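Residue numbers (my numbering), protein chains in the order written: chain D, 38 to 523; chain X, 38 to 523; chain U, 38 to 523; chain A, 38 to 523.
4 protein chains.
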Amino acid sequence: MTIVTTNPFDGDKLHEECGVFGIFGSPDAAALTALGLHALQHRGQEAAGIVSFDGEHFHPHRAIGLVGEIFGDAGTIARLPGAAAIGHNRYATTGETAIRNIQPLYADFAFGGLALGHNGNLTNARELRRMLVENGSLFQSTTDTEVFQHLIANASGARLLDRLVQALRQVEGAYSLVALSRRKVIGARDPLGVRPLVLGRLQDAWILTSETCALDIIGAQFVRDIEAGEIVIIDKDGVHSHKPYPQVRQRPCIFEYIYFARPDSTLAGLNVYESRKCVGAELARESHVPVDAVIPVPDSGVPAAIGYANETGVPFELGLIRNHYVGRTFIEPSDEIRHLGVRLKHNANSAPLAGKKVVLVDDSIVRGTTSRKIVEMVRNAGALSVHMRISSPPTAHSCFYGVNTPSQQELLAHQHDVDGMAREIGVDSLAFISIDGLYRAMGQSKRNMASPQFCDACFTGDYPTRLTDKDGGNAQAQLSLLVTPA
Amino acid sequence: MTIVTTNPFDGDKLHEECGVFGIFGSPDAAALTALGLHALQHRGQEAAGIVSFDGEHFHPHRAIGLVGEIFGDAGTIARLPGAAAIGHNRYATTGETAIRNIQPLYADFAFGGLALGHNGNLTNARELRRMLVENGSLFQSTTDTEVFQHLIANASGARLLDRLVQALRQVEGAYSLVALSRRKVIGARDPLGVRPLVLGRLQDAWILTSETCALDIIGAQFVRDIEAGEIVIIDKDGVHSHKPYPQVRQRPCIFEYIYFARPDSTLAGLNVYESRKCVGAELARESHVPVDAVIPVPDSGVPAAIGYANETGVPFELGLIRNHYVGRTFIEPSDEIRHLGVRLKHNANSAPLAGKKVVLVDDSIVRGTTSRKIVEMVRNAGALSVHMRISSPPTAHSCFYGVNTPSQQELLAHQHDVDGMAREIGVDSLAFISIDGLYRAMGQSKRNMASPQFCDACFTGDYPTRLTDKDGGNAQAQLSLLVTPA
Amino acid sequence: MTIVTTNPFDGDKLHEECGVFGIFGSPDAAALTALGLHALQHRGQEAAGIVSFDGEHFHPHRAIGLVGEIFGDAGTIARLPGAAAIGHNRYATTGETAIRNIQPLYADFAFGGLALGHNGNLTNARELRRMLVENGSLFQSTTDTEVFQHLIANASGARLLDRLVQALRQVEGAYSLVALSRRKVIGARDPLGVRPLVLGRLQDAWILTSETCALDIIGAQFVRDIEAGEIVIIDKDGVHSHKPYPQVRQRPCIFEYIYFARPDSTLAGLNVYESRKCVGAELARESHVPVDAVIPVPDSGVPAAIGYANETGVPFELGLIRNHYVGRTFIEPSDEIRHLGVRLKHNANSAPLAGKKVVLVDDSIVRGTTSRKIVEMVRNAGALSVHMRISSPPTAHSCFYGVNTPSQQELLAHQHDVDGMAREIGVDSLAFISIDGLYRAMGQSKRNMASPQFCDACFTGDYPTRLTDKDGGNAQAQLSLLVTPA
Amino acid sequence: MTIVTTNPFDGDKLHEECGVFGIFGSPDAAALTALGLHALQHRGQEAAGIVSFDGEHFHPHRAIGLVGEIFGDAGTIARLPGAAAIGHNRYATTGETAIRNIQPLYADFAFGGLALGHNGNLTNARELRRMLVENGSLFQSTTDTEVFQHLIANASGARLLDRLVQALRQVEGAYSLVALSRRKVIGARDPLGVRPLVLGRLQDAWILTSETCALDIIGAQFVRDIEAGEIVIIDKDGVHSHKPYPQVRQRPCIFEYIYFARPDSTLAGLNVYESRKCVGAELARESHVPVDAVIPVPDSGVPAAIGYANETGVPFELGLIRNHYVGRTFIEPSDEIRHLGVRLKHNANSAPLAGKKVVLVDDSIVRGTTSRKIVEMVRNAGALSVHMRISSPPTAHSCFYGVNTPSQQELLAHQHDVDGMAREIGVDSLAFISIDGLYRAMGQSKRNMASPQFCDACFTGDYPTRLTDKDGGNAQAQLSLLVTPA
């Protein structure tokens with residue numbers, strides 16, 4: 038008898054690691070931050086934290102759990118007073134030591150206190166950490182966020198901005214960070230703008246957050262995306278923009294549109310739900326076969342399936358039902374019934390499947406384990422033939438920019454070509470959208486090979502930054518996901 | 038600053054109170070019961086319990102929380118050994134005293150131990166309790182389930198079946214019960230069959246449970262529905278059926294098809310998902326207006342919206358996005374932002390709404406509070422006109438058969454006619470499916486007024502049983518929902 | 038590696054099972070009850086409960102833990118309003134099922150609610166329970182207290198007093214009970230008065246409790262002992278005494294004076310501390326040997342050691358130091374260091390031991406395991422010779438009146454004569470006070486063999502009541518200590 | 038109605054802050070450390086931690102609570118593998134932020150990991166912290182222990198010993214520290230040896246700990262005291278001693294003998310219990326008055342009272358009984374019964390008090406609040422006259438060496454002369470032992486005014502080190518007791 042951990046969403050998906058939120062100028066700063074983090078829960082379900090500043094003291098609260106569990110009880114918000122706050126959701130592991138890794142991190146600097154959290158991953162964090170420790174810095178966590186802290190502490194200059202720019206010049210990788218000092222809320226996005234960060238406004242308050250859905254939940258207005266390479270400083274005089282780096286073409290993560298972001302968010306002017314429908318329609322144009330029903334793999338496959346069904350005229354049907362109560366653990370009582378596992382999350386709905394030819398629409402295939410079980414379930418429910426269509430190209434490369442990917446060896450697309458993948462998951466046919474099809478669906482004529490419009494490294498292996506740690510021999514783990522023994 | 042409790046699904050919905058599961062003849066009885074209860078989680082989210090029997094001892098575990106929280110940790114299942122078990126999900130209130138009300142209840146009788154749980158509500162439970170207490174019975178809980186126990190304890194006869202029949206003859210109302218004795222698992226359904234109960238088989242084991250989805254999750258086969266008024270006794274010799282009452286026409290609850298049951302369940306031969314699509318189609322035929330998009334109110338409005346969209350050819354669009362992380366409590370930080378509450382659960386997705394005429398499809402209107410906020414949200418997102426179509430007739434009467442309904446005075450359909458309701462929720466037009474339209478969608482030519490095919494009392498006020506407690510002056514509360522001070 | 042449960046005081050002692058407290062007529066009824074239970078903590082350390090009545094509702098709170106842990110947090114007392122309350126400390130086992138056994142128990146009767154708790158044990162509880170179950174009573178706990186409840190429920194008469202007298206006529210054994218109805222607080226003591234119960238007064242309030250130390254803690258005045266066989270009913274008109282049974286000579290438990298009661302309590306006119314000193318002096322007169330120091334085994338041996346030292350003129354010295362932080366569990370990490378266990382509680386203090394002849398004074402020897410380790414420890418600290426003197430006669434018989442005794446087979450005094458016991462625990466000499474010496478120390482000329490002045494069954498085997506359950510074959514367990522599997 | 042926090046021992050006592058334990062070379066290192074910390078529980082009751090090293094990884098566990106609560110459950114010790122470990126008990130405040138302050142602290146240094154805990158207080162910790170932060174060090178806790186860490190991180194040299202010596206040269210104040218690196222357990226005592234530290238041996242393992250009672254509990258042999266100013270390094274080659282500072286006369290804290298240390302410990306060759314008896318005897322010689330009984334204020338006054346009684350021939354009697362179940366909080370229900378508070382801990386035992394002239398023997402008077410209540414209680418119990426004798430000189434000055442003292446203004450001895458103090462606490466006479474009497478009891482002819490043999494600053498104001506932080510304006514708080522808002 039063993040216990041199997043099932044992630045709230047899916048153990049066989051890539052996972053965004055983090056969501057961030059910051060607000061300056063509202064008497065309800067912490068409450069609004071909690072609401073914003075709740076809207077960003079899909080970006081990190083295992084821990085969350087808020088630090089507020091009340092004009093005199095910083096107030097932190099960090100815990101393992103969902104935002105509603107951590108910040109929903111009476112009094113917690115009351116213990117986070119002040120008109121400025123930042124917050125962070127984290128995809129993290131459990132256990133005593135992990136508590137030290139929950140962001141925002143806080144430290145006392147010579148210039149005063151500073152809290153800091155980010156979404157992304159530094160690809161030279163281990164190298165920087167090694168150098169800092171040699172220099173006498175003591176690390177308390179295993180997050181790359183603490184690398185930012187020590188770089189700032191060791192930078193020179195009285196102004197926080199000067200120190201921050203010095204620190205950011207030393208890092209490589211992807212980051213969308215928010216910080217809170219005694220007088221300011223600060224946002225910064227890496228030079229390529231891999232991870233999203235937007236600016237919003239609610240009455241007199243300014244907001245920085247990962248997605249527009251975190252503005253919607255509190256009724257705030259979207260103002261603009263923070264630009265790639267931009268640092269914004271928000272204080273009582275308003276929003277100040279700084280662009281200390283040479284400008285390069287931005288390359289936002291294309292997987293945000295395919296799976297990570299919430300469908301009701303709009304990033305860089307593109308609505309996520311509409312993008313997914315366009316991808317579904319393009320996918321249909323590339324690879325449709327005659328079937329009786331289009332079945333989404335819920336929940337993430339639904340928008341692409343709607344686009345696919347609209348494009349083809351084939352009925353859209355709920356042939357798979359998802360149980361929304363799946364939590365972190367569930368028991369799997371013996372080998373004999375171990376194969377039941379997948380039905381904890383999904384059940385085939387026989388009525389629209391029996392005696393039908395169907396196409397299943399999903400967003401990606403990672404290890405393929407879930408896909409295989411779903412296909413078997415659909416066949417058992419009486420489907421005559423099962424075709425699978427995927428609204429992304431094959432995921433053949435690991436991500437090093439703040440996404441929890443299995444090692445490359447575990448990726449089904451690394452092990453097999455498309456025909457081999459089809460055999461592995463047991464479908465009658467399998468097709469992925471093409472890279473150029475994906476770019477077309479995103480409103481581009483095609484992928485600009487010389488200067489790609491998006492980061493698509495997980496499909497192409499074309500990484501837009503140096504991978505110092507990986508090339509130094511630390512291929513498997515991103516520092517931001519590590520747990521240290523002490 | 039106040040805390041608002043939000044139910045996992047919706048504070049403005051009717052709530053099924055319970056789900057039941059029983060299994061006889063499997064070495065994994067408790068584990069399979071936990072999985073079955075997990076599949077029935079939508080029937081009761083606040084507490085759950087399992088009692089197993091290992092041939093010598095009964096083993097109980099009952100707690101407040103979701104099934105995965107209560108039964109997912111290592112060792113809990115191991116402490117529930119045996120080849121027979123029953124389980125129960127409960128929609129209950131929190132607090133110390135409520136723990137005593139979590140089912141299955143267990144007691145030592147003269148004939149041995151018996152555990153018992155049911156789904157439904159006895160309409161003469163208070164009257165029976167009063168009589169039993171006068172006779173020297175001591176009640177430990179406030180559930181009507183304990184009424185069953187004392188009636189059995191005070192019945193005569195050495196055979197449990199004889200005692201059970203005596204007990205059931207005294208009760209009025211709706212019940213689908215499962216019980217576990219040293220040698221048997223027992224199921225019983227009230228003479229009208231208001232609440233569902235089905236029989237399944239997994240290898241050598243027999244299963245009794247509320248819905249077929251609890252069979253699917255463990256890979257069990259559906260055998261048949263337990264009939265109205267039937268008692269089944271499962272022991273080592275198989276399944277024995279008893280029908281001790283005069284046969285009357287069954288009247289299963291029609292709201293199970295509209296909202297309570299899971300879409301992938303099949304009850305009395307009707308698939309719930311297909312029924313909902315048929316209702317949506319019928320609703321479209323009765324009351325369609327020209328619009329640009331059909332928008333389901335997620336999640337329960339989705340199947341009817343698909344039926345509606347298919348019938349009319351209007352595109353089905355996800356104009357409302359639901360946050361699946363909403364838990365039991367969330368903070369509402371001040372009066373000023375109190376109106377944000379509803380966005381905890383739903384957000385309008387502007388892209389498919391802006392500049393469009395839309396019809397929203399929902400399953401019911403109870404108090405109307407949620408509907409009003411959703412309509413406002415859709416208008417704010419830019420919809421030109423908003424029409425609402427409801428896949429049930431107006432809910433104008435309370436349920437006394439195991440559903441948590443507000444008092445009749447709080448029901449919007451009790452306060453207003455349809456035009457008044459439309460004004461209250463702020464739509465351009467509002468329509469409900471007609472009673473006969475609903476029966477047509479369920480495969481009947483129309484409602485048989487002399488002998489209706491379903492229990493539809495919440496729409497018609499035509500209650501199929503005596504309401505002894507209500508008519509005796511206890512209108513508001515069903516005993517099964519009470520909390521007593523000690 | 039194993040975990041060893043160590044009782045707060047000593048796993049090798051007899052344990053009083055319970056303490057009771059009741060108060061009528063104070064606005065702070067629950068708070069004063071909590072304080073009283075705290076003073077009685079030595080009578081039961083593992084669970085406690087209070088039920089209050091506020092003129093309209095009964096309010097219960099019961100939990101596992103120490104009184105200060107259960108009733109010390111903000112708000113708990115506030116949720117127990119009213120001018121009347123009763124409380125109970127319990128020596129109980131842990132686990133889910135035990136919660137149902139924590140007293141006071143409460144039930145709704147035909148005449149209204151009644152809460153009830155007692156100290157003692159019924160020696161025919163199993164037999165009564167069997168009869169009640171056959172008659173249709175459903176038991177929810179495994180306490181003998183619930184037997185009282187069902188007897189009262191099945192008694193006739195409108196007056197609670199009549200029902201209570203009927204119930205008490207059917208029980209055998211020892212009990213000092215307190216009960217709370219809507220209008221009264223009631224106390225009752227068995228016809229022999231085995232367990233103590235006293236009446237006190239604080240301003241306008243009346244108090245019933247096990248020992249006078251629970252009056253002292255709240256500044257209440259001692260009024261009188263409740264008499265053996267007396268029932269007192271306290272209501273707004275004052276204290277009413279009833280003596281429904283034929284009077285017999287009382288036989289209070291003599292072990293209360295030797296070990297159970299707190300030294301600052303006075304029972305039946307005898308101060309416990311002074312009694313223990315007298316026993317120590319008598320012990321010295323009976324069996325002194327020349328030594329250099331008198332060493333108490335802390336804490337219970339201290340008063341007798343003072344009496345012994347005063348009588349002999351030998352210096353009283355703290356040769357054993359007790360760690361007062363010992364809690365319920367502590368780890369014993371491996372076989373190799375398992376023998377360390379006893380030092381968790383006691384450490385030999387070498388300075389007053391090294392090179393000395395010493396006498397150790399303890400109150401009793403149960404299994405002898407602790408005595409053996411203490412003697413070894415004292416020798417290792419350099420004592421030249423070690424003599425042990427015990428302030429009670431050999432404990433050769435089990436108690437069936439509410440004390441947790443090992444089975445007779447485990448008692449060292451059942452296995453060996455005094456010489457054998459001396460060898461087992463490794464002392465140079467061992468002596469117990471004689472039965473008549475003990476009675477002399479208690480102010481009697483000697484034990485009245487025909488009609489003993491005390492219950493001394495654990496020394497003499499002369500049980501003052503019938504032992505129906507034991508003689509029926511249930512020798513080992515007292516019902517009040519049982520845990521049932523469901 | 039308010040909640041009052043009562044310290045396990047006494048809110049009106051000085052509190053030792055910490056106990057330390059380290060072990061090298063035992064397969065049961067963590068289990069033995071837990072046992073040692075349990076024996077040192079009196080030195081810090083509110084939090085504890087252990088860090089072990091298993092040859093590859095460091096394993097920490099730190100929590101709020103008693104040692105038995107933190108380390109007594111199954112599995113906790115198993116998660117602390119390795120043959121070397123250090124542990125720490127702390128007198129700390131509660132709350133989220135305090136968790137970061139629980140020792141041992143751990144950090145990764147350029148030379149590897151190091152865990153560190155100490156007993157004492159640095160009198161220039163704030164000044165050092167300020168300088169370190171200016172230099173780019175980030176502090177995560179508010180303990181002075183972290184100052185040690187950063188000093189070591191910023192020291193030069195590859196050898197840990199060199200770095201440690203550099204660090205220790207910069208600190209002022211009192212410390213007895215233990216540290217754990219990958220290859221060593223290290224102990225260090227400040228140049229004056231204010232706080233105790235002893236070396237012991239158990240089979241092949243070496244042990245460093247605060248008191249000998251922590252050796253006794255695990256059956257280890259006492260080897261010697263660590264000398265003032267000594268650094269010992271224990272590795273696989275044995276114990277290496279280093280004395281890097283110029284030698285000065287040691288001045289151990291005299292209050293360890295009067296109150297802090299356990300009576301069964303021996304420090305610098307003096308047994309604590311015997312020392313206390315000598316102080317009691319000297320006190321009697323200085324200030325005896327004719328009385329009928331000598332009454333100790335339990336538990337700390339007992340040894341001095343024995344010495345006093347032996348010296349005078351007056352009977353030693355338990356006139357005050359202490360409730361050993363007093364925990365951290367207890368409710369005080371209303372103003373009217375607030376004066377009950379003190380009886381939570383002590384109760385007067387009337388039998389040996391009524392009609393008697395008594396002397397109460399206590400170890401110290403801090404604020405005087407408890408003394409006043411005890412005197413009143415003794416008078417209420419019928420004592421004819423009440424004299425108090427204190428086994429220390431008046432406590433007129435704060436301690437800055439790791440003891441939690443009230444500010445000087447709150448000390449009764451700062452506000453009043455002895456006659457005034459007698460009036461305040463309501464006794465017939467009051468006397469303290471003289472400074473020279475105390476030194477005589479400790480085996481000295483008298484206090485050496487030029488070079489005192491002990492630190493007695495709390496009596497004399499003669500502080501043996503600079504008080505940099507205090508003189509810099511931070512008089513009130515020792516850094517080791519601080520809690521920061523973030």
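Backbone N, C-alpha and C define an ideal beta-carbon position, used for all residues, glycine too.
Please read all numbers here as calculations on a predicted model, not as lab measurements.
A Cβ-Cβ separation of about 17 Å leaves F90 of chain X out of contact with L74 of chain X under the 8 Å criterion.
Within the segment 200-253 of chain A, the complete alpha helix (DSSP H) segments at least 4 residues long are 250-253, listed from N- to C-terminus.
Ranked by Cα distance from S337 of chain A, the options A:P300, A:D329, A:Y362, A:E323 are led by A:P300. For the segment 102-129 of chain A, the beta-carbon criterion of a distance under 8 Å to any beta-carbon of chain U is satisfied by L103, V104, G105, E106, F108, G109, D110, A111, T113, I114, A115. The DSSP assignment places 162-171 as complete runs of the alpha helix (DSSP H) inside the segment 136-177 of chain U, in order along the chain (cut-off: 4 residues).
Separation of R226 of chain X and P64 of chain D (C-alpha to C-alpha, rounded to the nearest whole angstrom) is 56 Å. Here G457 of chain U is exposed, its C-beta having fewer than 16 other C-beta atoms within 10 Å.
Across the structure, I427 of chain D and C495 of chain D are spaced so that their CA atoms are roughly 15 Å apart. Proximity to V415 of chain D across D:C436, D:G150, D:L390 peaks at D:L390, based on C-alpha coordinates. Taking a 10 Å sphere around the C-beta of N172 of chain U, we find fewer than 16 other C-beta atoms and assign the residue as exposed. Distance from the CA atom of S213 of chain A to the CA atom of H434 of chain U, rounded to whole angstroms, is 53 Å. Within chain D, the residues L72, A76, D253, I254, I255, G256 have their CB atoms less than 9 Å from the CB of R380 of chain X, given in chain order. Of the candidates D:G112, D:P118, D:N126, the residue whose Cα lies closest to the Cα of L103 of chain D is D:N126.
Counting only Cβ-Cβ distances below 9 Å, P340 of chain D has contacts in chain X at L355, in chain order. Closest option to V208 of chain X, judged by alpha-carbon separation, among X:I343, X:G275, X:D241, X:T160: X:T160.
In the DSSP assignment, C315 of chain D falls within the unbroken alpha helix (DSSP H) covering 309-324. Secondary structure at F353 of chain A: strand, using DSSP grouped into helix, strand and coil.
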